[in-house]
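> This is the structure I have questions about; it appears just below.
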Amino acid sequence: MTISSQQKRVKVGVIGAGPGGLAIAINLLKLPFIDLNIYDQATELREVGAGISINQNTWRHLQLLGAADTIEQFTIRGDGSKTDIEQRNGRTGELLLRKYQSVNPNAPVRSRIERHKLQRALLGQMPENFIKLSKKLETVVESDDGVIITFKDGAAAGPFDLLIGADGIRSVVRQYAYPEHRLSYTGKVAYRTLIPQSKIAHIANIPHAATFWHTAKSHVYTDRLDNGLFEIATRAIESEEHGNKVSWGQKVSRDRVIHHYKDYCETIRQIIEAPEEWLEFAMFGGPRLDSVIHNGRIALIGDASHPLSGAFGSGAAFAFEDAYVLAQALAYTHSRDENISEALKLYDEVRSPHYKGLYAILNGFADTASEVQITYGAEDEDQFVRETIRRNWSTNQDWIYSYDVTKVWYQRVVEEDGKKGVAELKIGDEQGINLAADARSVTMAL
Numbered sequence: 001m002t003i004s005s006q007q008k009r010v011k012v013g014v015i016g017a018g019p020g021g022l023a024i025a026i027n028l029l030k031l032p033f034i035d036l037n038i039y040d041q042a043t044e045l046r047e048v049g050a051g052i053s054i055n056q057n058t059w060r061h062l063q064l065l066g067a068a069d070t071i072e073q074f075t076i077r078g079d080g081s082k083t084d085i086e087q088r089n090g091r092t093g094e095l096l097l098r099k100y101q102s103v104n105p106n107a108p109v110r111s112r113i114e115r116h117k118l119q120r121a122l123l124g125q126m127p128e129n130f131i132k133l134s135k136k137l138e139t140v141v142e143s144d145d146g147v148i149i150t151f152k153d154g155a156a157a158g159p160f161d162l163l164i165g166a167d168g169i170r171s172v173v174r175q176y177a178y179p180e181h182r183l184s185y186t187g188k189v190a191y192r193t194l195i196p197q198s199k200i201a202h203i204a205n206i207p208h209a210a211t212f213w214h215t216a217k218s219h220v221y222t223d224r225l226d227n228g229l230f231e232i233a234t235r236a237i238e239s240e241e242h243g244n245k246v247s248w249g250q251k252v253s254r255d256r257v258i259h260h261y262k263d264y265c266e267t268i269r270q271i272i273e274a275p276e277e278w279l280e281f282a283m284f285g286g287p288r289l290d291s292v293i294h295n296g297r298i299a300l301i302g303d304a305s306h307p308l309s310g311a312f313g314s315g316a317a318f319a320f321e322d323a324y325v326l327a328q329a330l331a332y333t334h335s336r337d338e339n340i341s342e343a344l345k346l347y348d349e350v351r352s353p354h355y356k357g358l359y360a361i362l363n364g365f366a367d368t369a370s371e372v373q374i375t376y377g378a379e380d381e382d383q384f385v386r387e388t389i390r391r392n393w394s395t396n397q398d399w400i401y402s403y404d405v406t407k408v409w410y411q412r413v414v415e416e417d418g419k420k421g422v423a424e425l426k427i428g429d430e431q432g433i434n435l436a437a438d439a440r441s442v443t444m445a446l
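Letter by letter, the sequence shown follows residues 1 to 446 in the UniProt record's numbering.
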């Protein structure tokens, strides 16, 4: 049979309208048995920050979400001849590592675009005014009837059969589901800005590539965006007292930033002095959650499920992957008249191991820094940077960006049907488009 609205309807509430919240909403709106509400605390939807990376895994899901055509105009196809990413010594400017663009006629090379363009492309796949704004979540209460939520304005919503926390690294939903989980200040802040490329045109030795400029305690990222803008994103050590006072994306002056980079090479010092205004972000992170679901009716996606503090520069793609698997799991189990808890279990079993692997890489980075510090100490910072980059960045981490969760999900469906003794598996599209998955030919039109 085909999934139809005649089956039991599932009431879903989504908290947060960032990339993850929008992606899960787009996916769930395609399922006729879902009654969906999405809430965000913002009074108006706008992205705070600078650029965002469109990697191979990001592009795959933009295609599935129907948003790729909007983004295509800001990207190019690669021929392998141009430099993609450089790693440099921030103090000397020495080139330490270089990676060239990938070659794929069916997908653009890694691109860097303004965050609002991604948001606009996703919003274009949703009904106008569908998101309920000015809804800051305050409480979550579970009852026999479902999950009831209340907002700061006194309004309440629910009960929901499923509550999805897509509310970012400071997730209120995660705080409810896992009250023992604690975020902590990483000891660093990020400074980010976009300026016209004309403001840095006079500066010598700026690479025509996304470039990380490293020192032992901080780094600077520079890149040219698609529309004549130049992105600068940095990390710097700040006290916990200062970090705890920083609101997300607060404006700061040039003087607040430049002193952190006085020991960098001349190219970076001039770049840092070019903007008059920056946005400051205190960086918080937390340990990996063993599970990203709770009580069979709450699920976490995106930064709410993996507080990685911006590591890997692929947060939107990770959130898209979460949204894809969760929606597929709901469609799959609904077609078999199974409980939502079974869908969440499948979602957790697919996504949690992936995040375990990502956290393992971060732990490896930390171990490398400690080992190199012991070897070289503070006497030879250039050798410390050189060796750290060699160990951390020379290893192949491309799997993170080429990871195809659609194939992982497809394999999981095969295993699941095998365990349940399904007589026939019919899957016409591994990416979940018109996906039929068992002898009853259940169509999951995601």
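Note that the Cβ used here is the ideal one computed from N, Cα and C, for glycine as well.
If L122 and L65 are in contact, beta carbons under 8 Å, what's the gap, nearest whole angstrom?
About 7 Å; that satisfies the 8 Å criterion.
> In chain order, what residues of the same chain lie with their CB nearer than 7 Å to the CB of A17, ignoring the 5 residues before and after it?
These residues qualify, in order along the chain: I38, D40, L45 and I131.
> Taking all protein chains shown into account, do 16 or more other C-beta atoms lie within 10 angstroms of the C-beta of Q328, making it buried, or fewer, making it exposed?
Classification of Q328: buried, given that the 10 Å Cβ count is 16 or more.
> Can you tell which of I34, G285, D398 and Y324 has its C-alpha closest to the C-alpha of I169?
I169 has its Cα closest to that of G285, out of I34, G285, D398 and Y324.
> Given that a residue counts as buried once 16 or more other Cβ atoms are within 10 Å of its Cβ, and exposed if not, what is G249?
It counts as exposed.
> Report yes if the CB atom of E114 is closer than 8 Å to the CB atom of L225, and no otherwise.
Yes, the pair counts as a contact, with Cβ atoms nearer than the cut-off.
> Below 8 Å, how does it come out for the region 201-216 and the region 161-175: are there three or more Cβ pairs, yes or no?
Because the criterion of three Cβ pairs below 8 Å is not met, the region 201-216 and the region 161-175 do not touch.
> Can you tell me whether N27 is buried or exposed? The criterion is at least 16 other CB atoms within 10 Å of its CB, across all chains shown.
Looking at its Cβ environment, which holds 16 or more other Cβ atoms inside 10 Å, N27 is buried.
> Looking at the structure shown, is V172 part of a helix, part of a strand, or coil, going by DSSP?
Three-state result, V172: helix.
> What does H219 pair with, by DSSP beta-bridge criteria?
According to DSSP, H219 bridges with H214 and R235.
> Note the first and the last residue of the continuous beta strand (DSSP E) segment covering S160.
The question names Ser, yet the displayed sequence has Phe at residue 160. Run containing F160: A156 to F160, per the beta strand (DSSP E) assignment.
> Are the CB atoms of L344 and G296 nearer to each other than 8 Å?
Their beta carbons are under 8 Å apart, which means L344 touches G296 by this criterion.
> Go ahead and pull the three-state DSSP assignment for T58.
Residue state, collapsed to three classes: helix.
> Indicate whether the contact test is met: 3 or more Cβ pairs, each with one atom in the region 252-259 and one in the region 307-322, closer than 8 Å.
With the cut-off at 8 Å, the region 252-259 and the region 307-322 do not touch.
> Closer than 6 Å by C-beta to L330: which residues in its own chain qualify, once you throw out the five before and the five after it? Chain order, please.
So the list reads A343, once near-sequence residues are dropped.
> Taking DSSP as the reference, what is the three-state secondary structure of G124?
Reduced to three states, the DSSP call for G124 is coil.
> Indicate whether the contact test is met: 3 or more Cβ pairs, each with one atom in the region 396-412 and one in the region 53-63, closer than 8 Å.
Cβ pair count under 8 Å is three or more, so yes.
> If you scan the region 318-344 from start to end, which runs of the beta strand (DSSP E) of 3 or more residues do you find wholly inside it?
The region 318-344 contains no whole beta strand (DSSP E) run of 3 or more residues.
> Report the rounded CA-to-CA distance for K245 versus Y176, giving the unit in angstroms.
Their backbone Cα atoms lie some 24 Å apart in a straight line.
> Measuring only the C-alpha atoms, how far is N392 from S218?
N392 and S218: Cα-Cα distance of roughly 15 Å.
> Assuming A369 and T388 form a contact by the criterion Cβ under 8 Å, report the distance between their Cβ atoms to the nearest whole angstrom.
Correct: roughly 6 Å between the Cβ atoms.
> List the endpoints of the continuous beta strand (DSSP E) containing D69.
First-last for D69: A68 to E72, but that is the alpha helix (DSSP H), not the beta strand (DSSP E).
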